[in-house]
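Asks: Quick one: the structure is below, and I'll ask about it shortly.
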Amino acid sequence: MALAIPKETYNGKIYNVQLGTGDKAVTIGGASALPFLGFEGTFPNKPAVAMEVMDIAPDEWPDTVKNAIGGAGASPAQWAKFCQDAGADMVALRLMGTHPDQQDKSPDDAAKIAGEVAAAVDIPLMILGSGHTEKDTQVLQAVATATRGKNCAIGKAVEENYKTIAAAAMANDHKLIAMSQLDVNLAKQLNILLSQMGFDKERIIMDPMSSALGYGLEYTYSVMERIRLAALLQNDPMMQTPIVCDIGVNVWKVKETMAPDADVPEWGGLEDRAKAWEVITASGMLASGADMLIMRHPGAVEKAKELIAELM
Amino acid sequence: MALSGVQIFKYLPKTNCKKCGHPTCLAFAMKLAAKQASLDACPDASAEAKQALGEASAPPVRPVTIGAGDGAVKVGDEICMFRHEKKFFNPSVFAVAIKDTEAGDAAAKKIEAVKASEIDRVGQHLKVDAIAVTEESGDPAKFASVVKQVVDDAPGVPLILVSINPAVIEAGIAHCADKKPLIYAATAENAEAMAKIAKEKKASLAVSAAGLDALIELSEKVKGMGVEDLVLDPGARKAKDMIEQYTIIRRAAIKKNFKPLGYPVISFATRDDAVSETMAASIGVMKYASIIILNNIEKWKMLALLSLRQNIYTDPQVPMQVAQNIYKVGEAKEDSPLLITTNFSLSYFIVRGEVENSKVASWLAVMDNEGLSVLTAWAAGKFTASRIAQFITESGADKSVNHKELIIPGYVAILSGALEEKLPGWKITVGPREANALPSFLKGRA
Ligand code: B12
Ligand code: SF4
Chain L
79 MALAIPKETY NGKIYNVQLG TGDKAVTIGG ASALPFLGFE GTFPNKPAVA
129 MEVMDIAPDE WPDTVKNAIG GAGASPAQWA KFCQDAGADM VALRLMGTHP
179 DQQDKSPDDA AKIAGEVAAA VDIPLMILGS GHTEKDTQVL QAVATATRGK
229 NCAIGKAVEE NYKTIAAAAM ANDHKLIAMS QLDVNLAKQL NILLSQMGFD
279 KERIIMDPMS SALGYGLEYT YSVMERIRLA ALLQNDPMMQ TPIVCDIGVN
329 VWKVKETMAP DADVPEWGGL EDRAKAWEVI TASGMLASGA DMLIMRHPGA
379 VEKAKELIAE LM
Chain W
7 MALSGVQIFK YLPKTNCKKC GHPTCLAFAM KLAAKQASLD ACPDASAEAK
57 QALGEASAPP VRPVTIGAGD GAVKVGDEIC MFRHEKKFFN PSVFAVAIKD
107 TEAGDAAAKK IEAVKASEID RVGQHLKVDA IAVTEESGDP AKFASVVKQV
157 VDDAPGVPLI LVSINPAVIE AGIAHCADKK PLIYAATAEN AEAMAKIAKE
207 KKASLAVSAA GLDALIELSE KVKGMGVEDL VLDPGARKAK DMIEQYTIIR
257 RAAIKKNFKP LGYPVISFAT RDDAVSETMA ASIGVMKYAS IIILNNIEKW
307 KMLALLSLRQ NIYTDPQVPM QVAQNIYKVG EAKEDSPLLI TTNFSLSYFI
357 VRGEVENSKV ASWLAVMDNE GLSVLTAWAA GKFTASRIAQ FITESGADKS
407 VNHKELIIPG YVAILSGALE EKLPGWKITV GPREANALPS FLKGRA
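Protein chains in written order, with my numbering: chain L, 79 to 390; chain W, 7 to 452.
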């Protein structure tokens with residue numbers, strides 16, 4: 079019996095979104111089929127891996143990942159350089175120090191650090207607030223201005239604060255990361271709201287909210303699959319933005335990446351276990367449609383990039 | 007492809023005799039199409055109808071069981087492409103490869119590793135399911151000795167016999183014929199001999215070919231020889247090829263009811279580099295591989311892979327949950343601390359595990375929040391002060407303890423004021439945010 083390969087007819091396509099400038103610029107998106115199905119679509123861009131840098135020392139990160147970064151964590155610019163040398167496609171600067179419960183750094187401080195980081199590397203930059211909805215509006219406004227012309231990804235804009243953050247990104251020609259809470263309709267709704275205020279949907283990167291392996295990964299996985307199906311099969315223009323998955327922050331807070339060998343002998347050695355946790359979380363996100371990952375461990379990044387190469 | 011009601015109707019006697027319990031043959035045909043009735047209910051159905059409808063109603067991916075007894079594993083029998091459509095039913099089976107050149111100590115170590123592979127995660131017992139004895143030596147006697155070693159040392163563990171040499175398989179299967187092993191593999195060259203062994207020993211048989219066209223031809227040929235329980239290997243080894251080929255196979259089976267590909271898939275994720283092997287296996291878990299062969303089963307690797315498998319194969323419609331109850335952790339007494347959490351399995355087992363780690367015997371009140379985590383339940387208005395108060399009062403928690411202090415999760419500290427109002431006389435203590443801080447918190451109080 080001969081098989082006519084059962085192909086899907088995709089009507090839609092993911093937008094291409096370029097970040098950064100010059101020859102180190104990165105373009106993500108562009109897929110015209112479900113992840114890596116080369117027999118029925120094209121994938122002009124490989125998923126990008128951004129490595130996370132903070133404006134404060136990574137004191138709260140588990141030892142395994144802290145040691146892997148070494149002394150670089152002492153200064154954001156040096157840390158960013160370290161990531162570039164480690165093979166990151168992008169640097170994701172998270173301004174955790176601006177959070178009122180952390181160091182409550184001022185928007186001006188944040189802008190200064192963002193400028194230093196931008197000057198230290200030539201790969202594209204993503205700049206994330208601390209997740210404090212009110213403070214992020216001021217902080218991201220300041221950093222958007224300070225990095226004008228660098229074509230960064232700024233975020234995360236959420237339902238409560240998207241207007242100000244989108245306006246800052248728009249005024250300074252940046253791209254925008256829009257995060258919703260693990261729900262297909264909420265993801266679409268936020269893109270619609272952004273479009274309604276005049277933000278070009280082709281400049282949005284959607285963050286469906288990530289989770290770590292073993293801690294809700296399946297929710298993110300299925301939400302992403304459903305977003306991709308809506309984008310490609312139903313040709314929904316509000317779902318065709320590329321997807322970013324912020325995984326390091328979720329992975330490096332779970333027990334599997336922290337518990338010493340002696341406490342959990344049945345889990346195997348901490349070094350391998352912790353790294354594998356980030357790698358397999360990355361694998362899950364790639365398989366379900368991620369166009370960009372934010373990761374922490376240089377060893378895990380290297381392996382994720384190996385997998386990406388194998389998938390293209 | 008599944009038949010429509012009208013297509014099925016054509017095969018029925020069309021007498022409207024009502025013996026099936028339906029007013030007309032057409033009504034019955036509609037029920038059959040909707041899979042709400044079985045053809046057995048019509049006593050007058052012809053043999054031809056039974057055959058045609060039987061084929062059409064067979065599951066799109068044939069269920070195959072490997073092994074016998076308690077350890078046997080079932081694969082296949084899947085009905086959807088995406089887990090959100092319904093769910094994935096039969097979790098990928100992990101098998102470690104033991105080469106016949108590893109006979110003796112090396113093999114013994116791997117067998118031990120399989121036996122010690124069980125971990126508890128969110129209330130489920132997860133483990134490496136099977137062993138694949140792999141011929142490298144070319145020597146049937148050597149292969150057979152390793153099969154025997156496995157059967158002797160790990161009698162319940164399902165076996166996969168890997169060789170393309172029928173004489174090798176014959177020698178190996180002599181030690182495990184009653185254990186319903188999976189034979190890997192029939193190829194274009196050895197198909198007759200392999201099919202003969204599989205039929206005689208009632209074993210399942212993998213067919214292996216490079217590419218889908220060759221695979222289809224081979225699977226039809228082997229089926230024609232009378233072997234029903236097949237498993238497919240299209241030869242994909244690179245992650246991209248795995249995703250593409252396994253997707254085509256699953257789609258052909260489910261969407262086109264294309265019988266030659268309507269079988270479970272076996273995937274060789276084996277790599278020299280342990281992390282690369284883990285990555286390849288993870289792709290298999292997510293993308294339709296029913297059996298995944300690994301070179302090694304380091305504990306950290308299996309923790310990641312078994313957790314991924316558990317995530318992908320949970321029911322997306324119903325979160326894993328535990329029963330609402332006041333659980334006793336350790337030798338809790340009347341004066342032991344009382345803590346509260348939700349009935350989401352993940353929350354319960356994490357918290358319970360940490361309370362156990364603390365060695366402080368405690369009571370854990372688990373409230374039914376439809377399986378939502380603490381913060382999700384709170385955000386959804388299901389873990390509120392009044393509901394918690396009602397639960398504490400009605401559940402009899404106050405009878406388990408002789409004190410009136412309730413420890414609540416740190417993330418819902420905001421509830422403490424309202425709770426003290428709703429539970430007059432109670433002291434509400436805010437615990438740590440993350441459960442892993444519970445041991446020091448509980449010890450610090452003791
Ligand atoms: C997966 C998930 C979902 C899943 C549900 C999964 C489930 N079964 O619960 C889905 C997609 C359905 C969902 C839906 C929603 N979610 Co949700 N979800 C998550 C996510 C990603 C993970 C939750 C999880 O599984 N955590 C793991 C479990 C184990 O955590 P836990 O129960 O809290 O337990 C920990 C601690 O609390 C502590 N602990 C637990 N019990 C106890 C007891 C004591 C005594 C102590 C001391 C400690 C302790 O130990 C555990 C480990 O440390 C989180 C974000 C995140 N990364 O945490 C958001 C999150 C919980 N969701 C959120 C929201 C807002 C929602 C929605 C309201 C979104 C919406 N607008 O629709 C809906 C509500 C659901 C509804 N209407 O039915 C918010 C809550 C915000 C807030 N602070 O209130 C979060 C935090 C995301 C965010 N940052 O905004 N969600
Ligand atoms: S029992 Fe058979 S013949 Fe009689 S009505 Fe039902 S389908 Fe028709």
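Glycine is no exception: its CB is placed at the ideal position from the N, C-alpha and C atoms.
Kindly indicate if chain L contains any beta-carbon less than 9 Å away from that of R358(W).
Replies: Not an interface residue.
Asks: Is any non-hydrogen atom of the ligand SF4 found closer than 8 Å to the C-beta of K41(W), if you look at the structure I gave you?
Replies: False, no ligand heavy atom lies under 8 Å from that Cβ.
Asks: If we require 4 or more residues per run, which alpha helix (DSSP H) segments fall completely within the segment 206-285 of chain W?
Replies: Segments of the alpha helix (DSSP H) lying fully in the segment 206-285 of chain W: 218-230 and 245-262.
Asks: Measuring only from the beta carbon, is D46(W) closer than 8 Å to any heavy atom that is part of the ligand SF4?
Replies: No - the ligand SF4 has no heavy atom lying nearer than 8 Å to the Cβ of D46(W).
Asks: Considering only residues of the same chain and omitting the five flanking positions on each side of K116(W), which have a CB-CB separation below 6 Å?
Replies: Closer than 6 Å at Cβ, skipping near neighbours: V102 and I104.
Asks: Any heavy atom of the ligand SF4 closer than 8 Å to the beta-carbon of T140(W)?
Replies: Checking the Cβ of T140(W) against the ligand SF4 gives no.
Asks: Going by beta carbon distance, what residues of the same chain come within less than 6 Å of E337(W), once the five residues before and after it are set aside?
Replies: Counting only Cβ-Cβ distances below 6 Å, and skipping sequence neighbours, we find A367.
Asks: Taking CB distances under 9 Å as the criterion, tell me whether L352(W) reaches chain L.
Replies: So yes, L352(W) belongs to the interface.
Asks: Express the C-alpha separation of C48(W) and A35(W) in angstroms, rounding to a whole number.
Replies: Straight-line Cα distance between these residues: approximately 10 Å.
Asks: Kindly give me the distance between the Cβ atoms of E356(L) and V329(L), rounded to whole angstroms, as I take these residues to be in contact under 8 Å.
Replies: Yes, E356(L) and V329(L) are in contact; Cβ-Cβ is about 5 Å, under 8 Å.
Asks: Roughly how many angstroms lie between the CA atoms of D235(W) and K85(L), to the nearest whole one?
Replies: Rounded to the nearest angstrom, the two C-alpha atoms are 27 Å apart.
Asks: Anything in chain L within Cβ reach of H90(W), meaning under 7 Å, just list it in chain order.
Replies: Residues of chain L passing the Cβ test: S300, E303 and R304.
Asks: Output yes if chain L places a C-beta closer than 9 Å to the C-beta of G384(W); else output no.
Replies: Note that residue 384(W) is Trp in the sequence shown here, rather than Gly. No, because no Cβ of chain L sits closer than 9 Å to the Cβ of W384(W).
Asks: At a Cβ threshold of 9 Å, is A309(L) touching chain W?
Replies: It does not; no Cβ of chain W falls within 9 Å.
Asks: With a threshold of 16 other CB atoms inside 10 Å of the CB of V217(L), please say whether the residue is buried or exposed.
Replies: Classification of V217(L): buried, given that the 10 Å Cβ count is 16 or more.
Asks: Tell me the DSSP bridge mates of R172(L)?
Replies: Its beta-bridge partners are M132(L) and L206(L).
Asks: Taking a cut-off of 6 Å, which residues have a beta-carbon closer than that to any heavy atom of the ligand SF4, in chain order?
Replies: Here the list is L18(W), P19(W), T21(W), N22(W), C23(W), K24(W), K25(W), C26(W), H28(W), C31(W), F34(W), C48(W) and D50(W).
Asks: For A287(W) and N408(W), what's the separation of their Cα atoms in angstroms?
Replies: Spanning the two alpha carbons is a distance of roughly 52 Å.
Asks: Could you please tell me which residues of the segment 316-340 of chain W, in chain order, have their CB closer than 7 Å to any CB of chain L?
Replies: Going along the segment 316-340 of chain W in chain order, one finds N317, I318, T320 and P322 with a Cβ nearer than 7 Å to chain L.
Asks: What's the C-alpha gap between Q259(L) and K365(W)?
Replies: Approximately 37 Å between the Cα atoms of the pair.
Asks: Suppose you measure from the CA of E237(L) to the CA of G402(W); what does that come to, to the nearest Å?
Replies: Going from the Cα of E237(L) to the Cα of G402(W) covers about 41 Å.
Asks: How about P445(W): is its Cβ closer than 8 Å to a heavy atom in the ligand B12?
Replies: For the ligand B12, not one heavy atom lies less than 8 Å from the Cβ of P445(W).
Asks: Put V328(W) into one of helix, strand or coil per three-state DSSP.
Replies: Three-state DSSP puts V328(W) in coil, outside helix and strand.
Asks: Is the beta carbon of L291(L) less than 9 Å from the beta carbon of E334(L)?
Replies: Yes, the Cβ-Cβ distance between L291(L) and E334(L) is below 9 Å.
Asks: With distances taken Cα to Cα, identify the nearest neighbour of S123(W) among Q316(W), K305(W) and I332(W).
Replies: Closest option to S123(W), Cα to Cα, is K305(W).
Asks: Need the endpoints of the alpha helix (DSSP H) that K37(W) sits in, please.
Replies: K37(W) -> alpha helix (DSSP H) spans C31 to A39.
Asks: Anyone know if the C-beta pair for T319(L) and M275(L) falls short of 9 Å?
Replies: No, these two residues do not count as a Cβ contact at 9 Å.
Asks: My output table needs one value for A149(W): the three-state DSSP class, helix, strand or coil.
Replies: In the sequence under discussion, the amino acid at residue 149(W) is Phe, which differs from the Ala named in the question. Looking at F149(W) - three-state DSSP - the assignment turns out to be helix.
Asks: Please find out if some non-hydrogen atom of the ligand B12 comes closer than 8 Å to the beta-carbon of N442(W).
Replies: Yes, the beta carbon of N442(W) sits closer than 8 Å to at least one heavy atom of the ligand B12.
Asks: Between the segment 374-382 of chain L and the segment 160-176 of chain L, can you find at least three pairs of beta-carbon atoms closer than 8 Å?
Replies: With a cut-off of 8 Å, the segment 374-382 of chain L and the segment 160-176 of chain L count as touching, because enough Cβ pairs lie within range.
Asks: State the start and end residues of the unbroken alpha helix (DSSP H) segment that holds V81(W).
Replies: First-last for V81(W): V79 to V81, but that is the beta strand (DSSP E), not the alpha helix (DSSP H).
Asks: Does at least one heavy atom of the ligand B12 sit under 8 Å from the Cβ of P140(L)?
Replies: Incorrect: P140(L) has no Cβ contact closer than 8 Å to the ligand B12.
Asks: Grouping DSSP H, G and I as helix and E and B as strand, with all else coil, what is I83(L)?
Replies: The answer is coil: DSSP assigns I83(L) none of H, G, I, E or B.
Asks: Using the three-state DSSP reduction, which class does L9(W) fall into: helix, strand or coil?
Replies: L9(W) falls in the coil class under three-state DSSP.
Asks: Kindly confirm or deny that the segment 176-188 of chain W and the segment 136-156 of chain W touch, where touching means at least three C-beta pairs closer than 8 Å.
Replies: Judged by Cβ distances under 8 Å, the segment 176-188 of chain W makes contact with the segment 136-156 of chain W, as three or more pairs qualify.
Asks: Going by CA-CA distance only, name the one from G148(L), R304(L) and Y299(L) that's closest to L314(W).
Replies: Nearest of G148(L), R304(L) and Y299(L) to L314(W), Cα basis: Y299(L).
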